[in-house]
Amino acid sequence: MDGVPRVEPLEQGRPEESAAPLRFSLLGPVRAWRGAEPLPTGSPQQRALLAALLLREGRTATASELIDALWGDEPPSQALAAVRTYASRLRKVLGSGVLVSESGGYAIRSLGEGALDLALAQELAADAEKARTAGDLCHARVLLNKALSLWDGEVLAGVPGPYADTQRTRLEEWRLQLAETRLDMDLEQGCHAEAVSELTALTAAHPLRERLRELLMLALYRSGRQAEALAVYADTRRLLADELGVDPRPGLKDLQQRILQADPALAEPSAPVEEPVAAPVKPAQLPATVSDFTGRASFVAELSEVLSAASAAQGRVMAVSALAGIGGVGKTTLAVHVAHQARSAFPDGQLYVDLQGAGARAAEPETVLGSFLRALGTADSAIPDSLEERAALYRSVLDGRRVLVLLDNARDAAQVRPLLPGTEGCAALVTSRVRMVDLAGAHLVDLDVMSPEEALLLFTKIVGEERVASEREAALDVVAACGFLPLAIRIAASRLAARRTWTVSVLAAKLGDERRRLDELQAGDLAVKATFELGYGQLEPAQARAFRLLGLADGPDISLAAAAAVLDLPVEETEDLLESLVDTSLLESAAPGRYRYHDLVRLYARACAERDEQPPSEREAAMSRLLDFYLATAAGVYAIERPGDRLVDHLEATEYAGLRFTEGAAALDWLYTEAASLLACVQQSAGTDRLRRAVDLLWMAKDLTESGANSHQYETTARAACEATRAAGDVRAEGRARTTLSQVLLVSGRIEQAAEQAELAMELAGSAEDITARSWAANDRGYIFLRQKRYVDAKKSFDQAIKGYQAVGNRLNEAVALVNLSRANLGMGNVAKAVEIAQRALAAHVELGRPMRLGNGHYNLGMALAGAGRHAEALREFSDALSNFADHRQRLWEGATHFRIAEVHLALRHPARAAQGAEQALALGCIGGDWMRGNVLTLLGRALSALGQADRAQACWREALNLYEKNGVAEEADEVRALLMPAAAA
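Take 27 as the starting number for the sequence shown in our numbering and just add one per residue.
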């Protein structure tokens, strides 16, 4: 980091009085503290003297130098006397031995370590540079963030004098250099989307700083926003020509060309700084390839070409090829075969690991990295502890080497990312049962079953040409019965090869019986099944019962408390049983207090339950207890989050108790941790006598729709509940199910679909005389009318909802409907009325104990105040809303609030702040789906246009128009077309 201003640690002395240490700040207002107590620093000129002495690094400043620093060429007649007076006053404040007189001047001495914020910032910056050189970008970023956090507004704020002006400029330039360095490391570590917001604000504040523009272009490009990245270049070129009469520097021009060419090297972070490593080792870890590898010619050629290009380093970064497909389709066999063929292209070695992603206990990336580093010659003592440090060292060790990494059986992209090399010349092959669309820059290969010809060829290679040639039709029947799945073909062929008395027709006949086909095709699995049977037979009765019943529950895993409900046992006894099953390897401990089955073990457990659980009603009772547990616990979470909401009084009764929580954070932790298992339980219960309770559980878990984390699974479950209730003819349950579906559709911005469901919910709830559901549906319809700008209809719906909530004593939802009623009045132009209603609604929320919906109260009051032109008050309300939404993990509402804040800043003609807020909204996402994203992009374009970034503004508007047109939003689309018209005319 060239040009870093230096202030050496000040010489330490021994103050005469034993007092708390002194601290000083220069990176903001000039201030002093003794311990935690602020000290008076006097007039602006006295602070200027203090700053000048602190910036002298403990050296003596003569009186004439101090006079020049404070007044320049025009000192007052009594300047020397004034300097002496200021020094005397400061000496009294700071204590003896700190400000000393020396050789006709003054100096500040005897300060402890960390006493001056500037010196601390310099030390942090120096340490960050060392960490970056060592390849530890994560630690370097942390250090730079700490350094930058020391700035507190304008440097030397309010301090007069030419010396302060010079130092202020110098230190601000250094701050920008540190920020650029930190942002550069952000991009190196893949934090592209997060960097866009900060870079947008910085480029607005420093429009002529080309390095910031370059970083913004790269961040936008890596975030998938290529058009905006190119627009930034166009804006920069025009600005430089208008303001300075110059062209952009070559680096910026080169970046534009590389973006236009979609240079693959831009898709991933650049390589870490080279780090010397211990004696290089050439690992050769690939498993043996199979001698009868068959077919897949196009895939072999495709993957070989990618690996060849990566090895040749043809202007691209490290290559990643990800093979995806169902289990048994031959992913590992293909990857190992291709890797062996490419060995000569990677002379520095080949690494291999089975990541065990299809099992219940996937390999941890830090463990794998430790193994890889050892294989590459790194001593155990040199291997760091944390994942980030290991990943950085791994990339550094591979820098300059040509190594192929085969990551087999990966769970997901998150498991893979730390294990990828970071430099050109290396390559990675990944196999997984999931398609890794979120693995940036990966070459994706979807591996399907074999063609009939390939399948027959594989079968022939294993069985032998002579036996197959005479029974070709029977052989075709065999591979067809195997579904052309390589694993199944290999098992069937191996069984036939081992039985010389069998003909191909005999095997085909055995596979023709669909009821026994899987047994016939599970030669390997038969041994596993026998192992399961042996282990099951050795269980004590209580263990065997637990093994059978726990296998009945869908979901990825099960908590200890939920398991206790299934078994109808105390938690302590349940834990002993489950841990004993873990010891037998029939159950796995996914995490403390959580358990899961391997998929095949779960199937075996369910078969045992169907065979051995007597009476059969015990299976239904176990699932009923699990549903009761989830419903009772979710209702408790709902009640904590929404004091005053009486919905919990109108649910189906439960017999089994749930967990109880005393504070909201723990309650929300439970809800989000259990989300997948809870929703799976709803879906599993949809076609049973448990249907009504399942629908109520879905309603109690509605917070999952607004967090943005579980919306898709929630919608799938809600649709299943709607179908099940309709099929069952249960009008009351269907009305409630339609309400949950309407809610999730509203969150995603699909207004027409939401309107259809809300209308159905109203009719059904009315028929069932379910006032609670009818009130909810009325509130949803009102919100839909708001979106459609039918404000009079919205007001009627909200009045209807309020009346219904009052009838059942639901004070919280009455307040929620009041919030929405304020929005309707605002839309009708009744601004004062809107503010008054919003204030009443907020007061009601506060009176009820500051529930989760308090954030919505602040949010809507902020909107009403903004509509009234009371912008400062609106910003305060939005700030309070942000805090509440963050506390309750409502990420989409956080994003929407950033959008509203951006609207206010644009109204106040603060386009840079508006752009920053809009970028934060884009990064978080918003309630309202594509429609709201279009609104954010439209506003961002307006802010960028006001900042003179016309091309990037146009790019935002074009993307917004595309979203509006795709979703049939006519009015907003017309507005954006009007914004784009001047550019089209030009």
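Using N, Cα and C, we set each Cβ at its ideal position, and we do this for glycine too.
- According to the neighbour-count rule (16 or more other Cβ atoms, all chains shown, within 10 Å of its Cβ), is residue 49 buried or exposed? Here residue 49 is buried, its C-beta having at least 16 other C-beta atoms within 10 Å.
- Item | Spatial neighbours of residue 922 in its chain, beta-carbon cut-off 6 Å, leaving aside the 5 residues before and after | Excluding the 5 residues flanking it on each side, residue 922 has same chain C-beta neighbours closer than 6 Å at 952, 953, in chain order.
- By a C-beta neighbour count over all protein chains shown, 10 Å radius and 16 as the cutoff for buried, is residue 711 buried or exposed? Counting of Cβ neighbours within 10 angstroms places residue 711 among the buried residues, the total reaching 16 or more.
- Query: Which of helix, strand or coil does DSSP assign to residue 924?
  - Reply: Correct three-state label for residue 924: helix.
- Does DSSP classify residue 37 as helix, strand or coil? The pLDDT assigned to residue 37 is 40, lower than 50, so where the model puts this residue is not dependable; a value taken from the coordinates is nonetheless given after this. In the displayed model, residue 37 falls within coil according to three-state DSSP, outside both helix and strand.
- Query: By how many angstroms is the C-alpha of residue 315 removed from the C-alpha of residue 618?
  - Reply: Counting only the Cα atoms, residue 315 lies some 39 Å from residue 618.
- Query: Got a sec? Which residues, its chain only, sit under 6 Å from residue 801 by beta carbon, not counting five neighbours each side?
  - Reply: Within the same chain, residue 801 has close Cβ partners 827, 830, 831.
- Message: Going by the DSSP bridge assignment, what does residue 127 pair with across the sheet?
- Response: Residue 127 is bridged to 132.
- Item | CB contact flag (residue 453, residue 379, <9 Å) | The beta carbons of residue 453 and residue 379 sit no closer together than 9 Å.
- Query: Short check: CB of residue 375 to CB of residue 430, under 9 Å?
  - Reply: The answer is yes: Cβ separation under 9 Å.
- Exposed or buried, which one is residue 557 when buried takes at least 16 other CB atoms within 10 Å? The predicted model places residue 557 with a pLDDT of 41, which falls under 50 and marks its position as unreliable; any figure quoted below should be read in that light. Exposed is the call here.
- Query: In its own chain, which residues sit with a C-beta less than 7 Å from the C-beta of residue 205, not counting the 5 before and 5 after it?
  - Reply: Taken in chain order, the residues that qualify are 174, 228.
- Roughly how many angstroms lie between the CA atoms of residue 903 and residue 888, to the nearest whole one? Cα to Cα, the separation comes out at about 5 Å.
- Query: Applying the criterion that 16 or more other CB atoms from any shown protein chain within 10 Å of the CB defines a buried residue, is residue 484 buried or exposed?
  - Reply: So residue 484 ends up on the buried side.
- Message: So, for residue 32: in the same chain, excluding its five sequence neighbours on each side, which residues have a beta-carbon less than 7 Å away from its beta-carbon?
- Response: The predicted model places residue 32 with a pLDDT of 49, which falls under 50 and marks its position as unreliable; any figure quoted below should be read in that light. Residues 148 of the same chain have their beta carbon placed closer than 7 Å to that of residue 32, with the five preceding and five following residues left out of the count.
- First through last residue of the beta strand (DSSP E) which encompasses residue 72: In the DSSP annotation of this structure, residue 72 is not part of any beta strand (DSSP E); the continuous alpha helix (DSSP H) holding it starts and ends at 70-80.
- Answer yes or no: do residue 233 and residue 973 have a C-beta to C-beta separation smaller than 9 Å? In this structure, the beta-carbon distance from residue 233 to residue 973 falls below 9 Å.
- Query: In three-state DSSP terms, what is residue 469?
  - Reply: Three-state result, residue 469: strand.
- Separation of residue 907 from residue 865, as counted between CA atoms: Each residue's Cα considered, the two are about 14 Å apart.
- Query: Sorted by chain position, which residues of the same chain lie with C-beta nearer than 8 Å to residue 874's C-beta, five sequence neighbours on each side aside?
  - Reply: Cβ within range, chain order: 669, 670, 837, 838, 841.
- Query: Would you report the Cα separation of residue 55 and residue 881, rounded to the nearest angstrom?
  - Reply: Approximately 34 Å, taken between the alpha carbons.
- DSSP on residue 556, reduced to helix/strand/coil? Legend: pLDDT at residue 556 = 44, less than 50; position of this residue unreliable, no value from coordinates given.
- DSSP state of residue 678 mapped onto helix, strand, coil: Coil.
- Item | CA-to-CA distance, residue 764 to residue 751, given in whole angstroms | One C-alpha to the other measures close to 10 Å.
- Task: For residue 693, I'd like the list of residues in its chain whose CB is within less than 8 Å of its CB, leaving aside the five on either flank, ordered along the chain.
- Result: The residues are 662, 663, 666, 667, 687.
- Return the first residue and the last residue of the beta strand (DSSP E) that residue 614 is part of. Segment 614-617, the beta strand (DSSP E) holding residue 614.
- Query: Are three or more beta carbon pairs between the stretch 408-421 and the stretch 430-440 nearer than 8 Å?
  - Reply: Counting Cβ pairs under 8 Å, fewer than three are found: no touch.
- Given a threshold of 16 other Cβ atoms within 10 Å of its Cβ, counted over all protein chains shown, does residue 469 qualify as buried or as exposed? Buried is the call here.
- Message: Out of 717, 704, 718, 591, which one is the CA nearest neighbour of residue 1032?
- Response: Any question about residue 1032 goes unanswered here, given that the chain covers just 27 to 1012.
- Proximity to residue 6 [Cα-Cα], best of 101, 984, 189, 997: Residue 6 lies beyond the range of the chain shown here (27 to 1012); nothing can be said about it.
- Query: Beta-carbon separation of residue 815 and residue 853 under 9 Å?
  - Reply: The beta carbons of residue 815 and residue 853 sit closer together than 9 Å.
- Which residues mark the beginning and the end of the alpha helix (DSSP H) in which residue 235 is found? Note, residue 235: premise wrong, no alpha helix (DSSP H); not H, not E.
- Taking only the alpha-carbon atoms, compute the straight-line gap between residue 308 and residue 392 and give it to the nearest angstrom. Each residue's alpha carbon lies about 21 Å from the other.
- Query: So, helix, strand or coil for residue 623, using DSSP?
  - Reply: Coil at residue 623, not helix or strand.
- Task: Can you have a look at residue 320 and say buried or exposed, based on whether 16 or more other CB atoms are within 10 angstroms of its CB?
- Result: Taking a 10 Å sphere around the C-beta of residue 320, we find 16 or more other C-beta atoms and assign the residue as buried.
- CA-CA distance, residue 992 and residue 242? Their backbone Cα atoms lie some 28 Å apart in a straight line.
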